[in-house]
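Written out below as structure tokens is the structure these notes cover.
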């Protein structure tokens, strides 16, 4: 088993992920949920990138000197994931605007009440 | 030459067609173009399925060999799923024009078709790829477009349904992302085939277990596996009719495929079923899905929601088949994958006809429908009987194999559950029948049948429900060989 | 020293994240999220992921925040206290978190060069990509060539989002003639002057990022976002009308289609030239030249689509009618 | 035309008829609706197909046809054996009579949705023919389910709450038992034996031991809800809401006959007499059937509603077949097979008579029937013949099967069954003879009606006269059924 100092980075990221996740599932405001989702995802990105890190390594842009590079693959993946994240946020925001127009609120609970009263 | 590139064309064709839809403005052109693309995709899928007879097809995108580049890898399993998605897509589109014109704003039509094709391409992309991360990318293409498609429903609840789906779907996708990351961490690769070889070498570890757990939960969310199904009923219920028909026939099937792929190909039976109690977990979830979702369906008065709940239950049957870990069990799941796609596409297409003529799909709209729309209602009844598993329909074949698997496994409790599920399904189907045929005071009703352009595709699907319930040479042989391949049983 | 910075940054992240949970003012939450994003970007830099840092800063702190703020302007700023039961979410989160922590216990130590991730697949990118693709920036090589197909998917994702937002907002947008009376910040002299100086530089920088991605951090995506940011800044401070007149929705739409089609088109051309889809080697006599051309074109496609879509997203939100 | 063609034709004719009726049925022509003519023509065409088929079969033609293979190893497979041939003859013969009767009944009572009625009727007959000619359990199951589904609309025909409720019970029990038990039993059989073919001597004998025999036997017997073994009998009284021709279809022509037919087939060809001969479970079924006979007869005794009394009589008569089959002695199998025919003719006569009374006088309760014998002599004469057949008094055909059954009990020394038969015969007499007494001896309450002839419409009278005649004829000329039955495995030992 690895020691605490080898892993604390991961644990902090996990804490951050869970904070975001908590906001998504526990809070009722639609915008707030998406903020939580973003925090959740950004923290996952941190986890990914951290696994590509090589101690003493440098950014994976080739230079003449004989150095070790960090793993570029997670970077590529996360670039894609960031784009996916913003795309999701955009769609979510558009939905929220429409929900506001349709229900006059963006609180989950009030929406449920309106639907239930039908 | 072109036959070598079919794997990539399978996805690129609709993917390229999607933005090109913007060039077209006329509704008829848009429809014809989308239909053409769907049918061409189905042709490609069919020839891919033929090609897989000779073995697995591998296509290195960008000319980079796997695992450095992204590989498209087609075996019987995904060729079969590709055929389901494209086949259903084509038939739904064939009958979709009028319904789409009625339910979608005319100024949004190009964008609607664009989104539809994106969703279509996304589902195909998930199915065909041999790269774990590529699954995530195409998953998001299909998800984002389906959120938009669902939100276009006329009822304002379509918006909240789409939002709920968006949140659940994104959580699922993020879980999948975490799972992929951990698998990558253990093995250093993203290629599924490579993962399959390197994961056992890495030996089981806590990281692997976590990767498995996150993949499983993530995929289950997309699959609407009980109890993670909460997004599905509303999403199917309030989406535009054609979107419901398309998604009900395809989206969850692709999710089941992903589940199979990652359990059987990537992690392997050894790990998933020997080291983990996956069998028991799947069984429990399946039982709950079958019984509880069917019960919910019985009390539902919105037809689309009713059939959406029934979908959750039917997914339970598929998962139950997997849990037996036998050739028969897996065959039943794979058969049901195909058969259920046919049933639900037929039913939701018929509901699209009802929506088109009646403007609603509540129980009340069904009163006397057997007279008013005899063909449409007959389609609903046959689709319903197929759900129950009455002989001469596809549902019977699925149920036969599932029960056979349960009997072979000596699991008589599960036999009882499956039978109980069928009988409960009989109840909700019969509610419809009574409403449509035996509602008193329906003598004065005039006929208002749906237009032929919608009826014909609906009936093609209905007839497919019967045809594949009688001539099963295609489905059973593919399902069986695939099941044997997945289980590593060679005959 | 490096570790100390790390720990401080991580500490900040934790504080910000908790603050977002507590915060009831949505506007503040968004700003906090922007800060969270920027801090993450800083950590990305310290983790050698410069491209990612660049993108996170531009997207998380930039575009995402703008989109959420635009939404807040149309909805409400304050979150109502939730009467949700806290127990169930808390349990879910605890179980999920515990599973993850459990999973880390067998993970290789942080930054361990012997970890499996560094031993398979990645070494080839580091060792051979220069010979095979000819780019100093390995991330660009992998992004645009080895895994160019993922990137194509990414462009399609952005395009999809554009389509989705247009579909969603079409029914609540102003008509063309109602648009002129929207407010802008033209009357703030300082803002105006700074913007007038800054905007050309931003656009120039975007061009640099677009075409220099082969050598340094950056590429089509980052460039597209920066381009869009420049125009958005212009729209917010100097005048949205001119932006709107220049970039009509139709035009933007065409642009974003062009980008996607350009990317896929490159793939189709490689197919026609007898290679696999997106195998740039066949684009020219010399393999590396082919790679160069291929990457140039697809990055251009990415840049065009991203610029157009981002701008279109911003404009779509700005045109939503305020009255319900 | 070859025998196979005739067989296929005989199944196809009713379905084709159904399609024609559906398409053109509502058109009016001189003398009624097209649907009536079409029904008559179809039913006669069917009879004219089945009779030459019977001839060819009696000459020893082997008739076998495989259609498709929906599940690898299991074909949709048709072939004719004696029992099926007999059943097909009964169904097609009675359909002709029943059609004539239906026309009279449906017209006189101004029933709605008549096109649907004739269509479903034809489908039900087609399914019955298919069931009779099924060569394996899967094929049989398919037609069995088709029969349940196609008769549902007939039961729910009136469309009012009562009809819907009755039809719901009908369907729930029939499909519930067939999906819940029968299907399971079939799949289990398949997984044990690797075949579902009906084979002389049975297919299970080598594959199962005692506990499984019992469980499977129970699953089969209770899975075949159409055989109405108690407590799965509730659907029969519930289905009494249907118009009388439908009751005739259920009780005589098709549905319950399909049930006991399936029971017989399963016992003879799936288990095989040898397997059951010394099975404990078979004894249990025997006791349950005996119990069912006595209890149903007792309940019948207390029913004032004529159709309900007849329904409970059917329940008890069906268990005769089951109990005879489960004895698996040569004579008892003969009795079981013969009773299918005998009961069909007798019971259809009784229902026709009940319907005739209803059509002419709108009376449904036995206590209202005082003096009706003088008012409707043809009807009540036929009723008397039917009743005698049920009790088992010569010269009605009912005597024959009871006789063989008693012989069977001597063969097997099952004195329990012997006792049951005696008690039940007494009970039968006790609930049928008072009806005759009320009808013929007692004086009507309403003196005006007294003595005036007031028969039902002609088609009805013709129909019930034919069936009553057949009931008598069968007693004097039982050659054809007996010749067929002698061809059954297990009879000629």
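Residue numbers (our numbering), protein chains in the order written: chain A, 29 to 146; chain B, 4 to 494; chain C, 21 to 344; chain D, 2 to 494. Note that beta-carbon positions come from the ideal geometry of N, C-alpha and C, so glycine has one too. In this text, all values refer to a predicted model and were calculated from it rather than measured experimentally.
Measuring CB to CB, does residue i end up less than 9 Å from residue j?
i	j	result
residue 160(C)	residue 68(C)	no
residue 333(B)	residue 486(B)	yes
residue 77(B)	residue 131(B)	yes
residue 128(B)	residue 146(B)	no
residue 38(A)	residue 124(C)	yes
residue 272(D)	residue 333(D)	no
residue 483(D)	residue 319(D)	no
residue 329(C)	residue 181(C)	yes
residue 391(B)	residue 354(B)	no
residue 127(C)	residue 79(A)	yes
residue 61(C)	residue 80(C)	yes
residue 111(B)	residue 187(C)	yes
residue 220(B)	residue 259(B)	no
residue 169(C)	residue 72(B)	yes
residue 154(D)	residue 136(D)	no
residue 100(A)	residue 184(B)	no
residue 81(D)	residue 89(D)	yes
residue 12(D)	residue 203(D)	no
Between residue i and residue j, which are expected to be in contact by the criterion C-beta below 8 Å, what is the C-beta distance as a whole number of angstroms?
i	j	result
residue 275(C)	residue 222(C)	Not a contact, Cβ separation roughly 19 Å.
residue 345(B)	residue 249(B)	Not confirmed; about 13 Å, so no contact.
residue 289(D)	residue 367(D)	No, residue 289(D) and residue 367(D) are not in contact; Cβ-Cβ is about 29 Å, not under 8 Å.
residue 341(D)	residue 247(D)	At roughly 20 Å, the Cβ-Cβ gap does not stay under 8 Å, so residue 341(D) and residue 247(D) are not in contact.
residue 186(D)	residue 151(D)	About 23 Å; that fails the 8 Å criterion.
residue 476(D)	residue 401(D)	6 Å
Residues of chain A with a CB under 8 Å from the CB of residue i: which are they?
i	result
residue 286(C)	None at all; the shortest Cβ gap to chain A is about 18 Å.
For residue i, which residues in chain A fall below 9 Å Cβ to Cβ?
i	result
residue 167(C)	101, 104, 105, 108
Kindly list, in the order they appear in chain C, the residues whose Cβ is closer than 8 Å to that of residue i.
i	result
residue 106(B)	Correct list: empty, because the minimum Cβ distance to chain C is about 13 Å.
residue 72(A)	Residues of chain C passing the Cβ test: none, with the nearest at roughly 10 Å.
I want to verify the contact list: residues of chain D whose CB lies under 8 Å from the CB of residue i, in sequence order.
i	result
residue 484(B)	Result: empty, since nearest Cβ-Cβ is about 12 Å, beyond 8 Å.
residue 324(B)	Correct list: empty, because the minimum Cβ distance to chain D is about 14 Å.
Which residues of chain B have a Cβ atom closer than 8 Å to the Cβ of residue i, listed in chain order?
i	result
residue 57(D)	By Cβ distance, chain B contributes nothing, its closest Cβ being about 28 Å from residue 57(D), past 8 Å.
residue 119(A)	147, 150, 151, 169
Taking 8 Å as the cut-off, is the CB of residue i close to at least one heavy atom of the ligand NAP?
i	result
residue 140(D)	Among the components of this structure there are no ligands whatsoever, and the ligand NAP is therefore not found.
Starting from the beta carbon of residue i, find every residue of chain B whose beta carbon is closer than 7 Å, and list them in chain order.
i	result
residue 179(C)	22
residue 192(D)	407, 410, 411
_Taking beta-carbon pairs under 8 Å, can you tell me which members of the stretch 117-138 of chain C lie near chain A?_
Correct list: 117, 120, 121, 124, 125, 126, 127, 128, 129, 130, 131, 132, 133, 135, 137, 138.
*Check each residue of the stretch 416-436 of chain B: if its Cβ is closer than 7 Å to any Cβ of chain D, include it; give the result in chain order.*
When CB distances to chain D are screened at a threshold of 7 Å, the residues of the stretch 416-436 of chain B falling below it are 418, 422, 425, 426, 429, 433, in chain order.
*Return the chain-ordered ranges of every beta strand (DSSP E) run that is complete within the stretch 377-456 of chain B and spans a minimum of 3 residues.*
Listed in chain order, the beta strand (DSSP E) runs fully inside the stretch 377-456 of chain B amount to none, counting runs of at least 3 residues.
*Taking a Cβ distance cut-off of 8 Å, strictly less, list which residues of the stretch 199-218 of chain B are near chain D, in chain order.*
Of all residues in the stretch 199-218 of chain B, none has a Cβ within less than 8 Å of some Cβ in chain D.
_Uninterrupted alpha helix (DSSP H) stretches inside the stretch 182-218 of chain D (no shorter than 4 residues)_ = If we require 4 residues or more, the alpha helix (DSSP H) runs fully inside the stretch 182-218 of chain D come out as 184-194.
*Would you list, in chain order, the members of the stretch 53-80 of chain D that have their beta-carbon closer than 8 Å to a beta-carbon of chain B?*
Cβ contacts with chain B come from 69, 70, 71, 72, 73, 77.
*Taking any Cβ of chain B, which residues in the stretch 174-201 of chain D have a Cβ under 8 Å from it, in chain order?*
Within the stretch 174-201 of chain D, the residues whose Cβ lies closer than 8 Å to some Cβ of chain B are 176, 177, 180, 181, 184, 185, 188, 189, 191, 192, listed in chain order.
*Which parts of the stretch 29-94 of chain C are runs of the alpha helix (DSSP H), unbroken and 4 residues or longer, counting only runs that do not cross its ends?*
Runs of alpha helix (DSSP H) with 4 or more residues, each lying fully within the stretch 29-94 of chain C, are found at 46-66, 70-76, 85-94, listed in chain order.
*Please list the segments of the alpha helix (DSSP H) lying wholly inside the stretch 329-367 of chain B, counting only runs of 4 or more residues, in order along the chain.*
You should have 330-361.
*asked:* Give me the subset of the stretch 126-140 of chain B whose CB atoms are less than 8 Å from a CB atom of chain A, sorted by chain position.
replied: Under the 8 Å Cβ criterion, the stretch 126-140 of chain B contributes 136, 139, 140.
*What residues in the stretch 322-349 of chain B bring their beta carbon closer than 8 Å to a beta carbon of chain D?*
Shown here is that no member of the stretch 322-349 of chain B has a Cβ falling below 8 Å from a Cβ of chain D.
_Contacting positions in the stretch 348-372 of chain B - beta carbon closer than 9 Å to chain A_ = None of the residues of the stretch 348-372 of chain B has a beta carbon lying less than 9 Å from any beta carbon of chain A.
_Contact list for the stretch 171-182 of chain B against chain A, Cβ threshold 7 Å_ = Taking 7 Å as the Cβ-Cβ cut-off against chain A, the residues of the stretch 171-182 of chain B that qualify are 173, 174, 177, 180, 181.
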